[in-house]
Amino acid sequence: MSEFAWIDWLRERTPSVDRVRIGPGDDTAAMEFPGDRLTLVTTDMLLEGSCFRLAEAGAFRVGRKAMSVNLSDIAAMAGVPVAAVVSVGLPRSGGRAIAEDLYRGMREVADRFGVAIIGGDTNSWTGELVISVTVLGEANPRGPVRRSGAKPGDWLCVTGRLGGSILGHHLDFTPRVREALWLSECVDLHAMIDLSDGMSSDVHHLARESRCGFVLNAAQIPIHASAERLAEQDGKSQLEHALCDGEDFELLFTVSPEDGRKLIDAQPVTGLSISQVGIAVAESGVWLDEAGTRRPLPAGGYVHAFD
Numbered sequence: 001m002s003e004f005a006w007i008d009w010l011r012e013r014t015p016s017v018d019r020v021r022i023g024p025g026d027d028t029a030a031m032e033f034p035g036d037r038l039t040l041v042t043t044d045m046l047l048e049g050s051c052f053r054l055a056e057a058g059a060f061r062v063g064r065k066a067m068s069v070n071l072s073d074i075a076a077m078a079g080v081p082v083a084a085v086v087s088v089g090l091p092r093s094g095g096r097a098i099a100e101d102l103y104r105g106m107r108e109v110a111d112r113f114g115v116a117i118i119g120g121d122t123n124s125w126t127g128e129l130v131i132s133v134t135v136l137g138e139a140n141p142r143g144p145v146r147r148s149g150a151k152p153g154d155w156l157c158v159t160g161r162l163g164g165s166i167l168g169h170h171l172d173f174t175p176r177v178r179e180a181l182w183l184s185e186c187v188d189l190h191a192m193i194d195l196s197d198g199m200s201s202d203v204h205h206l207a208r209e210s211r212c213g214f215v216l217n218a219a220q221i222p223i224h225a226s227a228e229r230l231a232e233q234d235g236k237s238q239l240e241h242a243l244c245d246g247e248d249f250e251l252l253f254t255v256s257p258e259d260g261r262k263l264i265d266a267q268p269v270t271g272l273s274i275s276q277v278g279i280a281v282a283e284s285g286v287w288l289d290e291a292g293t294r295r296p297l298p299a300g301g302y303v304h305a306f307d
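Structure below.
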């Protein structure tokens with residue numbers, strides 16, 4: 001398939017959106033951003049062999065994940081995703097079928113959250129699949145929730161359950177966009193991050209940006225059933241999986257103790273699982289409290305590194 005035929009294929013399947021004035025086909029897309037809200041911009045790149053195995057996952061699930069990880073970043077800022085731009089490096093052999101399945105996977109997630117795919121770039125090469133998605137969003141009326149607002153005494157809370165994502169959750173998760181907006185409407189969120197690299201790593205990001213520390217309570221960390229299954233297979237503890245596996249894509253956030261109790265008490269009504277997993281402290285660092293014994297908790301999740 002030629003580049004121009006691919007653009008035509010996309011245009012035939014891209015629904016019109018009022019605020020998108022120019023979509024795929026021109027040198028740039030054009031959108032209207034009414035009002036005075038901040039525009040949020042995030043991008044993520046997925047590489048075959050590092051982020052996924054195409055033969056195991058399939059292009060549809062890879063496309064779904066490529067869109068979802070970006071929407072999870074928007075959720076971490078309690079924002080509203082609006083539009084996406086997609087760049088793909090396709091292997092020359094079998095590229096058309098891969099491209100079509102990628103697009104369908106992305107569209108499944110984009111349509112669910114009202115996100116318009118407005119353009120991008122497509123190339124082919126002799127290497128493996130590469131996909132990069134950039135999402136534009138709007139801050140909610142209260143403004144974006146950053147990583148830097150945690151205060152000593154805050155409750156550290158998390159949505160959902162953690163660990164074992166490699167058994168499928170890392171590909172099939174639903175970004176917590178609606179949950180983040182609900183949280184921002186109900187309480188004063190001081191700081192927030194999505195759990196992509198793992199609790200033990202991402203809590204360090206919050207600590208560094210907020211210039212404070214955290215003490216995590218091991219007994220209160222919610223364990224996913226997949227982490228329990230993995231622990232039976234590999235000898236690692238369930239807690240280690242919950243802290244270090246990564247790609248949970250849950251929301252880790254801080255609130256006042258009063259707001260924290262409000263959220264915990266609301267669970268039977270909302271159905272959203274929220275756990276208090278720790279507390280913010282003035283001293284820099286991160287610690288894990290296990291049955292009254294406190295020890296430093298190193299960043300043990302995924303680390304992006306290069307020489």
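Take the sequence shown: its position 129, counting from 1, is numbered 129 in UniProt numbering, and each next residue is one higher.
The beta carbon of each residue, even a glycine, is placed where N, CA and C say it ideally should be.
Just so it is clear, the structure is predicted and the values come from calculations on it, not from any experiment.
Using the C-alpha atoms, what's the distance from residue j back to residue i?
i    : j    : result
N123 : L47  : 14 Å
T126 : G120 : 20 Å
L136 : V286 : 33 Å
V115 : A291 : 45 Å
R176 : G95  : 31 Å
K236 : L167 : 15 Å
H205 : L263 : 23 Å
A5   : T134 : 23 Å
V281 : Q220 : 17 Å
G58  : S284 : 43 Å
P222 : S184 : 22 Å
G49  : A218 : 33 Å
V86  : R294 : 45 Å
D8   : D18  : 20 Å
S16  : E100 : 19 Å
D27  : F33  : 19 Å
R229 : Q238 : 9 Å
H169 : D245 : 11 Å
D73  : V277 : 21 Å
Shortest alpha-carbon distance to residue i belongs to which of the options?
i    : options                : result
V62  : H204, D172, P296, I279 : D172
R64  : A76, L102, T39, L239   : L102
S200 : A66, G300, V86, R53    : G300
A207 : P152, G160, L54        : P152
E247 : R229, C51, I22, A29    : C51
R104 : F60, R21, F113, P144   : F60
L54  : P298, I98, E32, W182   : I98
M31  : V20, L38, T39          : V20
E108 : D73, V145, A66, P298   : A66
M106 : E228, R37, D8, T174    : T174
H241 : H224, L252, L251, F249 : H224
T43  : E56, V17, L71, F33     : L71
E258 : P296, H190, L230, L38  : H190
W182 : V80, P296, T39, P298   : V80
E128 : P144, V145, F113, R92  : R92
F113 : R178, V277, G260       : R178
Would residue i and residue j be called neighbours here (beta carbons separated by less than 8 Å)?
i    : j    : result
L90  : I279 : no
S165 : S68  : no
N140 : A84  : no
S275 : V158 : yes
R142 : I193 : no
L216 : L288 : yes
E198 : L243 : Per the sequence shown, the amino acid found at residue 198 is Gly instead of Glu. In this structure, L243 lies closer than 8 Å to G198 by Cβ.
V88  : I118 : no
V82  : E138 : yes
D111 : T254 : no
A29  : G23  : yes
A266 : A180 : no
R11  : G25  : yes
S210 : G149 : yes
P144 : L38  : yes
Classify residue i: buried if its beta carbon has 16 or more other beta carbons within 10 angstroms, exposed otherwise.
i    : result
V269 : exposed
V41  : exposed
D202 : buried
Q250 : According to the sequence provided, residue 250 is Glu. The question's Gln does not apply to it. Buried is the call here.
Q233 : exposed
G160 : buried
G271 : exposed
Sort out for me which residues DSSP pairs residue i with in a bridge.
i    : result
A83  : A116, L136
F253 : C157, M192
P296 : W287
S124 : L90
F214 : A280, V286
Taking CB distances under 8 Å as the criterion, tell me whether residue i reaches chain D.
i   : result
R21 : Considering every chain present, this structure includes no chain D. It has just one protein chain.
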